[in-house]
Amino acid sequence: MDGTDIGTSSTLAEDDMEVKPLSSQVLEFDIVIPSVDNAQPNISLEEEAGMDMVPKIGMEFESDDQAYEFYSNYARLTGFTVRNNHLDKSEMNGEVLARRFPCSKESFVQNDKYGANARKRRKERKTGCLAQMVVSRQSNGKYAVIHFEAKHNHEVRAPDEACSVPPEGRLTDAQAAGVDSEDSFRRHSESAFDYNNHLHSRRRREMKEGEEIILLDCLQKRQLEDPSFFYEVQHDIDDYITNIFWADKQMIVDYGQFGDVVCFDTTFRTNKDCQPLVPFVGVNHHKQVVIFGAALLYDDTIGSFEVLFQTFMTAMSGQKPKTILTDQHAAISEAINLVMPETNHRICIWNIYHNALLHLSHAFDGPGSFSRDFSSCIYDHEDKEDFIQAWKVMLDTHNLRKNKWLKGIFDEREKWAIAYGRHTFYADLKNSELINSFNRNLMDHLNPDLDILQTFEHFERMVSDLRCKELEASYDIFEQLPSLLGNVILLKHARDVYTPEVFEVFQREYEKCLNLVVNECGSSGSLFEYKVNIYEHSREHKVTFNPSNDTVVCSCMKFEFDGVLCSHALKVLDQRNIKVVPTQYMLNRWTKDARVGSVRDGHGSIIEEDPMLAAADNFKILCHKAVKMAAVAAESGEAYQHVNIRFDEIMQGLEKISKIKALMDIQVLR
Numbered sequence: 001m002d003g004t005d006i007g008t009s010s011t012l013a014e015d016d017m018e019v020k021p022l023s024s025q026v027l028e029f030d031i032v033i034p035s036v037d038n039a040q041p042n043i044s045l046e047e048e049a050g051m052d053m054v055p056k057i058g059m060e061f062e063s064d065d066q067a068y069e070f071y072s073n074y075a076r077l078t079g080f081t082v083r084n085n086h087l088d089k090s091e092m093n094g095e096v097l098a099r100r101f102p103c104s105k106e107s108f109v110q111n112d113k114y115g116a117n118a119r120k121r122r123k124e125r126k127t128g129c130l131a132q133m134v135v136s137r138q139s140n141g142k143y144a145v146i147h148f149e150a151k152h153n154h155e156v157r158a159p160d161e162a163c164s165v166p167p168e169g170r171l172t173d174a175q176a177a178g179v180d181s182e183d184s185f186r187r188h189s190e191s192a193f194d195y196n197n198h199l200h201s202r203r204r205r206e207m208k209e210g211e212e213i214i215l216l217d218c219l220q221k222r223q224l225e226d227p228s229f230f231y232e233v234q235h236d237i238d239d240y241i242t243n244i245f246w247a248d249k250q251m252i253v254d255y256g257q258f259g260d261v262v263c264f265d266t267t268f269r270t271n272k273d274c275q276p277l278v279p280f281v282g283v284n285h286h287k288q289v290v291i292f293g294a295a296l297l298y299d300d301t302i303g304s305f306e307v308l309f310q311t312f313m314t315a316m317s318g319q320k321p322k323t324i325l326t327d328q329h330a331a332i333s334e335a336i337n338l339v340m341p342e343t344n345h346r347i348c349i350w351n352i353y354h355n356a357l358l359h360l361s362h363a364f365d366g367p368g369s370f371s372r373d374f375s376s377c378i379y380d381h382e383d384k385e386d387f388i389q390a391w392k393v394m395l396d397t398h399n400l401r402k403n404k405w406l407k408g409i410f411d412e413r414e415k416w417a418i419a420y421g422r423h424t425f426y427a428d429l430k431n432s433e434l435i436n437s438f439n440r441n442l443m444d445h446l447n448p449d450l451d452i453l454q455t456f457e458h459f460e461r462m463v464s465d466l467r468c469k470e471l472e473a474s475y476d477i478f479e480q481l482p483s484l485l486g487n488v489i490l491l492k493h494a495r496d497v498y499t500p501e502v503f504e505v506f507q508r509e510y511e512k513c514l515n516l517v518v519n520e521c522g523s524s525g526s527l528f529e530y531k532v533n534i535y536e537h538s539r540e541h542k543v544t545f546n547p548s549n550d551t552v553v554c555s556c557m558k559f560e561f562d563g564v565l566c567s568h569a570l571k572v573l574d575q576r577n578i579k580v581v582p583t584q585y586m587l588n589r590w591t592k593d594a595r596v597g598s599v600r601d602g603h604g605s606i607i608e609e610d611p612m613l614a615a616a617d618n619f620k621i622l623c624h625k626a627v628k629m630a631a632v633a634a635e636s637g638e639a640y641q642h643v644n645i646r647f648d649e650i651m652q653g654l655e656k657i658s659k660i661k662a663l664m665d666i667q668v669l670r
């Protein structure tokens, strides 16, 4: 929405109205009645429409909707579009007391609407047009025209083009699907709208009147405070806001460091009582949820999602994720194929479980073990044959072979089942406990009693809480070192590099490898092949090793899936007398130094990280160096004296720096 429709509104007193409304309540509409120019519409258009189709003061309608239908037809024949979200309701019973139907080009775009540092400016679509019709409820229950302004200050479509302007709520089948005919598209392109960021259909969900202005004002202020703050607004064919995306600078930094896997779950927007908030979610190096951005979605067509994903890519400097996880939604799938064709698209496993609760409530509520068996099928089986066998057993056990929903998701198993996605990097986003905890937290922030600004502020607090948890985890790195299973070089090296959370995963794999048996089964060129199995178990995994570059590949594909070497690969490395993990298998995103380095915004400028997170990184680096020095210095008295003296000198220097900074701050205040 580019013009201000609420706020400093003029009012219509009863003395100004030729037909008085029943209520004495003042109508708070933005109505401007010209005092001099009372121009009539083009006579040829009136003749085309017929005089009965032209609004007149005192004309009555059975309902406000009938008045809207009448004015919409007049607008179509005249060649303009109407906005219909301006109404005044009784506080007593909610009845519509008055309703205003302005031209869609009412109001002006403010010159500095998007701030000096806005990422993208749209063409001006508003012209300050005053053409409108206002109706008011009468004592007989009907609605009478109390004000009509016919003159437009912009070009209107010719009568032969009038059919290209559909009335509110009426779309052709093609438009409803988000597709226009070639001729319709040509006409839209020639209009005053900027269709680069517009849908060619109407949004499917309404915003409360005034909310868009409040939120846009908040986003603009954020951008003025921080030029790296990114937001973009998408409009529909009637210039109403359909979707809003935003990301602060820390979200952009987080994506630059952990954006290899993104989760985009729109499940919550299906709750019609709550704000349609949808975050872009990832996982950081502490295996904690991190937010890359958020959107308010008032439309869910292919075109809408396509623009949203393009906007997300723009905010993130074009860096596409390796994997994106979404809920089951045909429009989302199509939009991803259009915007991110190289990205692996997977369906969220927890979304499959959530849908199962809806479609199979009788089975979940029954006396059997269906809940446990279904969970085991979708979460526990990493081998295709095991998954299929477990699925068949589940169907037979619970007499569900004829269930259509289960048959449908089984047919699409390659899109969601873990056994069919082992080659895809998930970054632990398959972790149901992690995601469910986040989703519960998010749901608490989508209270239906909250308005849009309160929802935005609650979401900001939620993001702040997540960042505080990361700070705590970063400070704990040197305070609480994970214990080792033994004095093992491999484990010591891994503990030095990985964050504690990731190291625990690695150490569990090492523990498993102690019970494995490895057999060399041949070689092919420079490659050596091994078969690895648990002691006294027949199931084997094939591991290939290349000594020229220490490359190790296992058939279980755990590294490709989780980013941590599996027990089978660790067993082969030990067999080859390799006592530290090869560097190519220590993903930087899982290390203590994952946040070292800079991230640039869409303009190529380096984005400064959150000061608190930067301080945590500095603390971590200095602690690491100090611990190493202390370990060496403690071994001899001479070394101890040397380091102790230097520490005193460093502290004196730090005190001087603090005093100088304090003096500079005082000078600035003066």
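According to UniProt numbering, the sequence shown is numbered sequentially starting from 1. Built from N, CA and C at the ideal position, the CB exists for glycine as well. None of these values were measured; they are calculated from a predicted model.
Where residue i falls, given that 16 or more other Cβ within 10 Å makes a residue buried
i, result
"Asn546", "exposed"
"Thr311", "buried"
"Cys521", "exposed"
"residue 713", "Since the first and last residues shown for the chain are 1 and 670, residue 713 lies out of range."
"Met92", "exposed"
"Pro341", "exposed"
"Gln223", "buried"
"Glu635", "exposed"
CA-to-CA distance, residue j to residue i, given in whole angstroms
i, j, result
"Trp590", "Ala417", "25 Å"
"Ala594", "Phe258", "9 Å"
"Ser658", "Asp383", "59 Å"
"Asn490", "Asp299", "The question names Asn, but residue 490 in the sequence shown is Leu. Each residue's Cα considered, the two are about 52 Å apart."
"Ile244", "Ile578", "52 Å"
"Asn351", "Val580", "39 Å"
"Glu225", "Arg99", "38 Å"
"Pro321", "Glu106", "41 Å"
"Met651", "Tyr475", "21 Å"
"Lys415", "Ala427", "17 Å"
"Tyr510", "Thr242", "51 Å"
"His286", "Asp64", "57 Å"
"Leu280", "Val632", "Strictly speaking, residue 280 in this sequence is Phe, with Leu absent from that position. Approximately 46 Å, taken between the alpha carbons."
"Val283", "Ala494", "20 Å"
"Thr267", "Asn441", "14 Å"
"Lys571", "Phe528", "14 Å"
"Asn76", "Asn344", "The sequence as given places Arg at residue 76; Asn does not occur at that position. Arg76 and Asn344: Cα-Cα distance of roughly 45 Å."
"Thr127", "Glu155", "10 Å"
"Glu638", "Ala473", "36 Å"
"Phe425", "Ser376", "21 Å"
"Cys103", "Cys129", "7 Å"
"Asp386", "Gly256", "37 Å"
"Gly303", "Val233", "14 Å"
Supposed close pair residue i, residue j - CB separation, criterion 8 Å
i, j, result
"Met133", "Tyr231", "Wrong, their Cβ atoms sit about 34 Å apart, outside the cutoff."
"Asp327", "Val290", "With 8 Å as the limit, Asp327 and Val290 do not qualify as a contact, their Cβ atoms being about 20 Å apart."
"Leu296", "Leu277", "6 Å"
"Leu450", "Gln275", "7 Å"
Identity of the residues DSSP links to residue i by a beta bridge
i, result
"Lys89", "Val96"
"Lys531", "Asn519 and Lys542"
"residue 682", "Lying before the first or after the last residue shown, residue 682 is absent from the chain, which here runs from 1 to 670."
"Tyr143", "Phe61 and Arg137"
"residue 751", "The question about residue 751 has no answer here: the residues shown for the chain are numbered 1 through 670."
"Pro279", "Ala294"
"Phe101", "Met133"
Local conformation of residue i per DSSP, three classes
i, result
"Thr267", "helix"
"Ile477", "coil"
"Phe70", "helix"
"Pro341", "coil"
"Asn196", "With a pLDDT of 40 at Asn196, under the threshold of 50, the modelled position of that residue is not reliable, and no figure is offered here."
"Arg346", "strand"
"Glu149", "strand"
"Tyr426", "coil"
"Gln288", "coil"
"Ser524", "strand"
"Thr551", "strand"
"Val262", "strand"
"Leu325", "strand"
"Thr591", "strand"
"Ser191", "Any reading at Ser191 must be qualified, since the residue scores a pLDDT of 30, below 50, and its modelled position is unreliable; no value is offered."
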